[in-house]
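Visitor:
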Amino acid sequence: MAKDGSQGMSALLEPIALANRSTITLAEDIRADNETLSPVRHNDVMPAIIRAEKFCLYYGVKAGVKDINMDIFPQSVTAIIGPSGCGKSTFLRSINRMNDLIPNVRSEGTLYVNGVNVYDGRINLVNLRQQVGMVFQKPNPFPKSIYDNVAYGPRLQGIRGGRLDDMVETCLKDAAIWEEVKDLLGKSALALSGGQQQRLCIARALATRPKVLLMDEPCSALDPIATSKIEELIVGLKNAYTIVIVTHNMQQAARISDCTAFFCMGELIEYDATNIIFTKPSRKQTEDYVTGRFS
Amino acid sequence: MITQSANLLRTAAKFDRPLLLTPAQDWSGWLLGKTGRALLMIITGTSVLAVLLIFVFIVREAWPFVQAHGLGEALSSTSWYPTRDPAQFGMLALVFGSVQVTFGALLLAVPAGILIAAVLSDIVPFRVRQAVKPIIEVLAAIPSVAYGFFAVAVLAPLMQEHLHLSTGTNALNSAAILAIMAVPTIVSVAEDSLSAVGRELREASYACGATRAETLLKVVIPAAHNGIIAAIVLGTMRAIGETMAVWMASGNAAQIPSPWWDLTQSVRTMTATIAGELGETPVGSMHRHSLFAVGLILLVVSLAMNLFTEYLLHRAKRTSGVHA
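Rendered as structure tokens:
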């Protein structure tokens, strides 16, 4: 059963697998010389843009994630998969410190973004969140106009006038929604469909000129057509941004990501090139999960 | 094929409870529905009718005064001497007193109320909010005569002593006590609407690099504006309709202070005039009818304010989220 499943998956993933094969080495090679799980050999490529070292996050006494060692590389899509409550969203929200809003949160270990530990007391949260943007599970546009939604971040940075108009247009274009809304910029964002709202939220996140985009199950509230639009968009954005995406949809992870991390019970079980996770995972737990035999 | 599906229709499964109503069930159900509906209509109609009848009653009692003197004349004079001969029924000072005290109270209560609501909903930890909010709401349940007593016994001497005023019972005192009475209402309603703004919107704002203050001012308060306007309306209604506390605290002088914005002089409100004088007027006297005319003005002013805020709410709803 398991074998059949993974072989089926491998056939499905063939194009992606081919595309990735040249740049990626097996995880086992790396584990020998570096504790941090990484699908890419360090001396081959650029340094990691996000690096977790023994990172733990506790809600009160309960651990949300524990002992995460993980490198995320620039200009790629990294998917985080795993069962509900496994800590994948917690880890994602740790990267831009969104968990700060929850009372009694405590972290251990380090989480570097571009070489800086974001849990350093001296961190500038405004600059961190501007450069590590976030798209949420449920489309959450402000009850303002489409224009004001995208302009929200830039206005906070003091951008006004013609430059702001240009930025709004660029971001809406980058989020592949400009053609649909260019005549309705003054209309309320709440009048858009769910899929449009989510692309608007992506445009809003892009407007703060981030380097990293964190996406927390961005398609889970959308229909398949809207989902495929967002997926196309994500793949297109990969060239300019580093994207980390949490998803429950394993086909989605397989379709759009370069690397995939499998979380379970707050721990990082396996992290590797996406085609390897889905075809030749080295851990039994991962194989059970990706083939649907997880219990 | 056809016979098969017909069979399926007839005997697809054994339903052990009948799917059709018996005639008795059908009839009693119809009767129950009708009587229930009629009962609810009667209850609703009674309450609507009661309000209408109060309005009719006030108009009827005020009518002799309106016929004899006219509201225009009454509203253009400040001389309220209903027991003199000839009697003078200038109500402008009373209307002004009500408006001045109410706006004075709102000037204090609205910023304070919204600020406290914002602090409770977005700044302090959840547990503090859970403890503080009920305490503030209890303030709304204190009888107004107790507030009036506080105004006369505590605020008045304080004002005389520290502000060197000739009298401690004045418009400022009334406005202050009314503000204290209106704040719990404003806080409670405004806090509910601020808390009702979802965590999603707050997170979206923080994720754009907004600070707590920016999130509160640019996202949370605009998103909750309906509830905040409702809070202000309720606070205003509480202030304009309040009788006992302002009666005790205002000094009861039917005059327009000079200059008119001077809050440190004694005033008298419409509500206090009605409460104070109605018991001493013979039935059928012009004085009594004039007091009903004051009541009519009060009713119309409250109604107008209600409609105005309805209009504001409507406009806010229509334009919310539209780029100016």
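From first to last, the protein sequence lines are chains B and C. In terms of this note's numbering, the first sequence is residues 1 to 295. In terms of this note's numbering, the second sequence is residues 1001 to 1324. Virtual Cβ for every residue (Gly too), placed ideally from N, Cα, C.
Which same chain residues end up closer than 6 Å to glutamine 130(B) when comparing Cβ atoms and leaving out the 5 residues on each side of it in sequence?
Guide: Looking up residue 130(B) in the first sequence gives position 130. Excluding sequence neighbours, glutamine 130(B) sits near Thr208.
Visitor: Anything in chain C within Cβ reach of lysine 138(B), meaning under 7 Å, just list it in chain order.
Guide: Counting from 1 along the first sequence, the entry for residue 138(B) is found at position 138. Those within 7 Å of lysine 138(B) in chain C are Glu1200.
Visitor: According to the Cβ coordinates, are glycine 1251(C) and serine 1266(C) closer than 7 Å?
Guide: Within the second sequence, residue 1251(C) is the residue found at index 251, counting from 1. Within the second sequence, residue 1266(C) is the residue found at index 266, counting from 1. Result yes, Cβ atoms of glycine 1251(C) and serine 1266(C) sit closer than 7 Å.
Visitor: If you draw a straight line from the C-alpha of lysine 187(B) to the C-alpha of serine 145(B), how long is it?
Guide: Here residue 187(B) is taken as the residue at index 187 of the first sequence, counted from 1. Here residue 145(B) is taken as the residue at index 145 of the first sequence, counted from 1. Each residue's alpha carbon lies about 5 Å from the other.
Visitor: For asparagine 260(B), which residues does DSSP report across the bridge?
Guide: To locate residue 260(B), count along the first sequence from 1; it is residue 260. Checking the sequence, you will find threonine at residue 260(B) rather than asparagine. According to DSSP, which records beta bridges pairwise, threonine 260(B) is partnered with Ala79(B) and Asp272(B).
Visitor: Going by DSSP, what residues sit across from glycine 133(B) in a beta bridge?
Guide: Within the first sequence, residue 133(B) is the residue found at index 133, counting from 1. DSSP output for glycine 133(B) lists Leu213(B) as bridge partner(s).
Visitor: When the Cα atoms are used, what is the spatial distance from valine 118(B) to methionine 134(B)?
Guide: Mapped onto the first sequence, residue 118(B) falls at position 118. Mapped onto the first sequence, residue 134(B) falls at position 134. Looking at the two C-alpha atoms, the distance is approximately 16 Å.
Visitor: Please give me, in chain order, every unbroken run of the alpha helix (DSSP H) with length at least 4 that falls completely inside the segment 1210-1262 of chain C.
Guide: With a minimum length of 4 residues, the continuous alpha helix (DSSP H) runs that stay inside the segment 1210-1262 of chain C are 1212-1215, 1225-1241 and 1244-1249.
Visitor: Please classify histidine 1289(C): is it buried, with 16 or more other beta-carbons within 10 angstroms of its beta-carbon, or exposed?
Guide: Reading the second sequence from its first residue, position 289 is the one you call residue 1289(C). Buried is the call here.
Visitor: Is the segment 1261-1280 of chain C touching the segment 1194-1213 of chain C in the sense that three or more CB pairs, one from each, lie closer than 8 Å?
Guide: Segments in contact, no.
Visitor: Could you tell me whether the Cβ atoms of valine 1233(C) and threonine 1309(C) are closer together than 7 Å?
Guide: Counting from one through the second sequence, the residue named residue 1233(C) turns up at place 233. Counting from one through the second sequence, the residue named residue 1309(C) turns up at place 309. Going by C-beta atoms, valine 1233(C) is nearer than 7 Å to threonine 1309(C).
Visitor: Output the distance between the C-alpha atoms of isoleucine 24(B) and isoleucine 1116(C), rounded to the nearest integer angstrom.
Guide: As a working mapping, residue 24(B) is identified with position 24 in the first sequence. As a working mapping, residue 1116(C) is identified with position 116 in the second sequence. Low confidence applies here, because isoleucine 24(B) scores a pLDDT of 41, under 50, leaving its location unreliable and the question unanswered by this model.
Visitor: Does chain B have any CB closer than 7 Å to the CB of valine 1154(C)?
Guide: The residue labelled residue 1154(C) in the question sits at position 154 within the second sequence. For valine 1154(C), the answer is no, since every Cβ of chain B falls outside 7 Å of its Cβ.
Visitor: Please list the residues of the segment 1271-1292 of chain C that have a C-beta atom closer than 9 Å to any C-beta atom in chain B, keeping them in chain order.
Guide: Answer in chain order: no residues at all.
Visitor: Count the other CB atoms within 10 Å of the CB of tyrosine 289(B); is the residue buried (16 or more) or exposed (fewer)?
Guide: By one-based count along the first sequence, residue 289(B) stands at place 289. Answer is buried; the Cβ neighbour count reaches 16.
Visitor: Could you tell me which whole alpha helix (DSSP H) segments of length 4 or greater appear in the segment 47-110 of chain B?
Guide: Those alpha helix (DSSP H) runs which fall completely within the segment 47-110 of chain B and span 4+ residues are 88-95.
Visitor: DSSP puts glutamate 267(B) in a beta bridge; with which residues?
Guide: Here residue 267(B) refers to the residue found at position 267 of the first sequence. BP columns for glutamate 267(B) point to Cys264(B).
Visitor: Under 7 Å between the Cβ atoms of alanine 203(B) and alanine 175(B)?
Guide: Counting from 1 along the first sequence, the entry for residue 203(B) is found at position 203. Counting from 1 along the first sequence, the entry for residue 175(B) is found at position 175. For alanine 203(B) and alanine 175(B), yes; Cβs fall inside 7 Å.
Visitor: State the Cα-Cα distance for the pair isoleucine 102(B) and proline 83(B), rounded to the nearest angstrom.
Guide: Working through the first sequence from its first residue, we reach residue 102(B) at position 102. Working through the first sequence from its first residue, we reach residue 83(B) at position 83. Approximately 22 Å between the Cα atoms of the pair.
Visitor: Please classify asparagine 993(C): does DSSP put it in a helix, a strand, or coil?
Guide: As displayed, chain C neither begins before 1001 nor continues past 1324, which places residue 993(C) out of reach and without an answer.
Visitor: With a Cβ-Cβ cutoff of 7 Å, do glutamate 270(B) and threonine 291(B) count as a contact?
Guide: On the first sequence, position 270 is the one that residue 270(B) refers to. On the first sequence, position 291 is the one that residue 291(B) refers to. No. Outside cutoff.
Visitor: With a cut-off of 8 Å on the beta carbons, I'd call alanine 79(B) and serine 257(B) a contact; round off their distance for me.
Guide: As a working mapping, residue 79(B) is identified with position 79 in the first sequence. As a working mapping, residue 257(B) is identified with position 257 in the first sequence. Sure, about 4 Å apart at Cβ, within 8 Å.
Visitor: Quick check: the Cα distance between aspartate 165(B) and glutamine 197(B), rounded to an integer number of angstroms?
Guide: Counting from one through the first sequence, the residue named residue 165(B) turns up at place 165. Counting from one through the first sequence, the residue named residue 197(B) turns up at place 197. Spanning the two alpha carbons is a distance of roughly 19 Å.
Visitor: Mind pulling the chain C residues with CB within less than 9 Å of tyrosine 152(B)?
Guide: For the purposes of this step, residue 152(B) is taken as residue 152 along the first sequence, with counting starting at 1. Near tyrosine 152(B) (Cβ distances below 9 Å), the residues of chain C are Ala1204, Ser1205, Cys1208, Ala1210, Lys1218 and Val1219.
Visitor: Pull up the CB-CB distance for phenylalanine 91(B) and phenylalanine 263(B), whole angstroms please, since I reckon it's below 8 Å.
Guide: Looking up residue 91(B) in the first sequence gives position 91. Looking up residue 263(B) in the first sequence gives position 263. Their Cβ separation, rounded to whole angstroms, is 7 Å, which keeps phenylalanine 91(B) and phenylalanine 263(B) in contact under 8 Å.
Visitor: Excluding the five sequence neighbours on either side, which residues of its own chain have a C-beta within less than 6 Å of the C-beta of serine 1098(C), listed in chain order?
Guide: Stepping through the second sequence from its first residue, residue 1098(C) is reached at position 98. Excluding sequence neighbours, serine 1098(C) sits near Thr1269 and Met1270.
Visitor: Look at the alpha carbon of glycine 236(B) and the alpha carbon of leucine 214(B), and state the distance between them as a whole number of angstroms.
Guide: For the purposes of this step, residue 236(B) is taken as residue 236 along the first sequence, with counting starting at 1. For the purposes of this step, residue 214(B) is taken as residue 214 along the first sequence, with counting starting at 1. Roughly 15 Å between the two C-alpha positions.
Visitor: With a cut-off of 8 Å on the beta carbons, I'd call leucine 1120(C) and glutamate 1191(C) a contact; round off their distance for me.
Guide: For the purposes of this step, residue 1120(C) is identified with residue 120 of the second sequence, where counting begins at 1. For the purposes of this step, residue 1191(C) is identified with residue 191 of the second sequence, where counting begins at 1. Indeed they touch by this definition, with Cβ atoms about 5 Å apart.
Visitor: How far does the beta strand (DSSP E) with isoleucine 243(B) in it reach, from first residue to last?
Guide: By 1-based counting over the first sequence, the position of residue 243(B) is 243. Residues 242-246.
Visitor: Taking one C-beta from the segment 176-183 of chain B and one from the segment 63-75 of chain B each time, how about it: are there three or more such pairs within less than 8 Å?
Guide: The segment 176-183 of chain B vs the segment 63-75 of chain B: no contact.
Visitor: If you reduce the DSSP assignment to three classes, tell me which class asparagine 1306(C) lands in.
Guide: By 1-based counting over the second sequence, the position of residue 1306(C) is 306. In the structure shown, asparagine 1306(C) sits in a helix (DSSP, three-state: H, G or I).
Visitor: For the segment 1215-1244 of chain C, which residues have a beta carbon sitting closer than 9 Å to at least one beta carbon of chain B?
Guide: If the cut-off is 9 Å between Cβ atoms, the segment 1215-1244 of chain C has Lys1218, Val1219, Pro1222 and Ala1223 near chain B.
Visitor: Please tell me whether alanine 253(B) and isoleucine 81(B) are closer than 7 Å, where the distance is taken between their beta carbons.
Guide: The residue you call residue 253(B) lines up with position 253 of the first sequence. The residue you call residue 81(B) lines up with position 81 of the first sequence. A contact, by the Cβ cut-off of 7 Å.
Visitor: Determine, using beta carbons only, whether alanine 189(B) and leucine 200(B) come nearer to each other than 7 Å.
Guide: Position 189 of the first sequence, counted from the first residue, corresponds to residue 189(B). Position 200 of the first sequence, counted from the first residue, corresponds to residue 200(B). Result yes, Cβ atoms of alanine 189(B) and leucine 200(B) sit closer than 7 Å.
Visitor: Taking the continuous alpha helix (DSSP H) assigned at asparagine 149(B), which residues delimit it?
Guide: On the first sequence, position 149 is the one that residue 149(B) refers to. Residues 146-156.
Visitor: Rounding to the nearest angstrom, what Cα-Cα distance links arginine 31(B) and lysine 138(B) in this structure?
Guide: Sequence index remark: in the first sequence, residue 31(B) carries index 31 (1-based). Sequence index remark: in the first sequence, residue 138(B) carries index 138 (1-based). With a pLDDT of only 41 at arginine 31(B), under the threshold of 50, the placement of this residue in the model should not be trusted; the figure read from the coordinates follows. Cα to Cα, arginine 31(B) sits roughly 37 Å from lysine 138(B).
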